[in-house]
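Chemist: Adding 3 to a residue's 1-based position in the sequence shown gives its number in my numbering. This structure is in structure tokens; I'll ask about it shortly.
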Amino acid sequence: MTGLFFRASIALSAILPVVQPAAGQNGQQPVIITPPMRDFDLARPTATPTPRPIASPTATPSPTAAPTVPVAPVPTPTPAPRRVEATPAPMPAAAQTEAPTPVPTPARTVTPVGAPVPQPSAPAIESELTRDIAPVPVAELPTLPLWAWGALGAAALLVLGALGGWIAGRRRRRDDEGEDAPTTHSAAPVASPPTPGPPVRPGATGGALRSASEQPPRPAPPRPAQPPAPVVPPPDSPLVTELRPLRAAIRDGVVSIDFELFIQNRGSESADNVRAVLTLLGANAAQDEQIIGFHNAARMAAGSEPFSIAPGGVYMLGGQVSLPGEKVQVVTVQGKPMFVPIVPVALKWYAGLSIRTLRDCFMVGTVPAPGSDRLGPLWVERAPGGFGRLAAKRYAPRMPG
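Here it is in structure tokens:
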């Protein structure tokens, strides 16, 4: 009996390996063979058939994240398993067969087109950029030596000094020009008395009276410009005289005038043995009669030393005329005494066998003010300091009758 049981167990052990693979194949999950990946697009995922339930689930490999860039947890597509060749031979010992686990290759990772790309977080990018970017060296500004600063300071001082000198020179020239420019003092216009307003009508208010009384006076009309003094022509004679007064003075009660008398011969004959007679008068109401009386008496006067003048020649005679103070006609203007000198001139000479004479007269005064042609009087109070520059103009007395 024991031997029979032993032989039966051996027979069963020989049959079981054949029967178990067939039974295992009937209960095992079929292996899905995936064709190789060609021309596919992960943007449109293909539905994968749901496998039948099995006793032990197949382990799904999880992709390994990149070591440097952290990614957000997003759905990751399952990498395609490597192609497995089906073996029709039965597995002798395993009761359950597990599907082969695909190992993803990091070097040949395929990024699906259209799939969400993992974006690195901002702090990680900044940290990576901070590690990779090196600080840019800043070039140092060149420093100037001490002697250069001293030279610049000296140059600035020179420029400031030159500018100050130029400004001072301009001011000095401006002041000099202001001092050299002649100043004219024009007489202030005399205001005319206010014109009385119209008579007050009955019932007029006090405001109207006050406005009429407070009305400013009308300015006086400007004085008409004085017409220029007529130019007196020289007498009709071959000899022409011109008086140039040099200075006037009052000393010891005597009025004196130093002069130069220029005599020109405009005739065709020589003037021989020429004698000049001059005197000094003061302007007064009877000056014309006094001038005519002098000319009549000068014919018999001795006169100056004789001299001759050729045709076209000019002779200059210098001298002085004086007048006692009690004979000077002094005129008081605005409480100030003044006088106007008059110098009559008489010439006599020989022209061939005849005796010729010349009667002329000049009025002496100060140089006319700018814009005027009238001589100024000699103020007596200015005699100690001098009367200033003098000038003379020809004067023609009125003949009686």
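Heads up, the beta-carbon is just placed ideally off N, CA and C, and yes, glycines get one too.
Looking at Ile312 and Ala252, is the spacing between their C-beta atoms short of 7 Å?
Modeler: no
Chemist: My output table needs one value for Gln323: the three-state DSSP class, helix, strand or coil.
Modeler: For Gln323, the three-state secondary structure derived from DSSP is strand.
Chemist: Output yes if chain B places a C-beta closer than 7 Å to the C-beta of Ile294; else output no.
Modeler: Among the chains of the structure shown, chain B does not appear; only one protein chain is present.
Chemist: List the DSSP bridge partners of Trp150.
Modeler: Note: Trp150 sits in no beta bridge, so no partner.
Chemist: When burial is assigned at 16 or more other CB atoms within 10 Å of the CB, is Ala395 buried or exposed?
Modeler: buried
Chemist: Where Gly156 and Trp169 are concerned, what is the direct C-alpha to C-alpha distance, given to the nearest angstrom?
Modeler: One alpha carbon belongs to Gly156, the other to Trp169, and they sit about 20 Å apart.
Chemist: Beta strand (DSSP E) containing Asp275: first to last residue?
Modeler: Per DSSP, the unbroken beta strand (DSSP E) holding Asp275 starts and ends at Ala274 to Leu281.
Chemist: When you compare the CB positions of Pro380 and Met341, do they come within less than 7 Å of one another, or not?
Modeler: yes
Chemist: Tell me, which residues are paired with Lys339 by DSSP?
Modeler: Val336
Chemist: Please report the straight-line C-alpha distance between Pro248 and Arg269, rounded to a whole angstrom.
Modeler: 23 Å
Chemist: Have a look at Glu245 and Ala399 and give me their C-alpha separation to the nearest angstrom.
Modeler: So the two alpha carbons sit approximately 14 Å from each other.
Chemist: Please confirm whether Gly306 and Ala279 have their CB atoms less than 7 Å apart.
Modeler: yes
Chemist: Secondary structure at Ala98, three-state DSSP: helix, strand or coil?
Modeler: In this predicted model, Ala98 has a pLDDT of only 39, less than 50, meaning its place in the structure is not dependable enough to derive any value.
Chemist: For a test of your reading of the model: does the CB of Ala165 fall under 6 Å from any non-hydrogen atom of the ligand GTP? Yes or no.
Modeler: Absent from the structure shown: the ligand GTP. Ligands present: none.
Chemist: Go to Asp376, then tell me how far its alpha helix (DSSP H) extends in each direction, as first and last residue.
Modeler: It is not in any alpha helix (DSSP H) - Asp376 carries neither H nor E in the DSSP assignment.
Chemist: If you draw a straight line from the alpha carbon of Gln2 to that of Leu284, how long is it in whole angstroms?
Modeler: The structure shown does not extend to residue 2, since the chain spans only 4 to 404, so no value can be given for it.
Chemist: Per DSSP, which one or two residues make a beta bridge with Asn287?
Modeler: Answer is none; Asn287 lacks a bridge partner.
Chemist: From Ala286 to Ser375, what does the alpha carbon distance come to, in whole angstroms?
Modeler: 21 Å
Chemist: Cβ of Asn299 within 7 Å of Cβ of Tyr353?
Modeler: no
Chemist: For Gln323 and Ser259, which I take to be in contact (beta-carbon distance under 8 Å), what is that distance rounded to the nearest angstrom?
Modeler: Contact holds; Cβ gap of about 6 Å.
Chemist: Tell me the residue span of the beta strand (DSSP E) that contains Glu263.
Modeler: Val257 to Asn268
Chemist: What does the Cβ neighbour count give for Gly389, buried or exposed, with the cut at 16 atoms within 10 Å?
Modeler: exposed
Chemist: Go to Phe405, then tell me how far its beta strand (DSSP E) extends in each direction, as first and last residue.
Modeler: Examination of residue 405 is not possible in this model, given that the chain is present from 4 through 404 alone.
Chemist: Going straight from the alpha carbon of Ser325 to that of Gly315, what length do you get?
Modeler: For Ser325 and Gly315, the distance between alpha carbons rounds to 31 Å.
Chemist: Buried or exposed: Ala301, going by 16 or more other Cβ atoms within 10 Å of its Cβ?
Modeler: buried
Chemist: According to DSSP, what are the bridge partners of Leu246?
Modeler: Leu264
Chemist: Compare the Cα-Cα distances from Ala349 to each of Glu329, Arg250 and Met303 and report the closest residue.
Modeler: Met303
Chemist: Could you compute how far the alpha carbon of Ser357 sits from the alpha carbon of Val383?
Modeler: 45 Å
Chemist: So, helix, strand or coil for Val331, using DSSP?
Modeler: coil
Chemist: What is the C-beta distance between Thr282 and Pro327, in whole angstroms, given that I count them as a contact (C-beta under 8 Å)?
Modeler: Their Cβ separation, rounded to whole angstroms, is 12 Å, which puts Thr282 and Pro327 out of contact at 8 Å.
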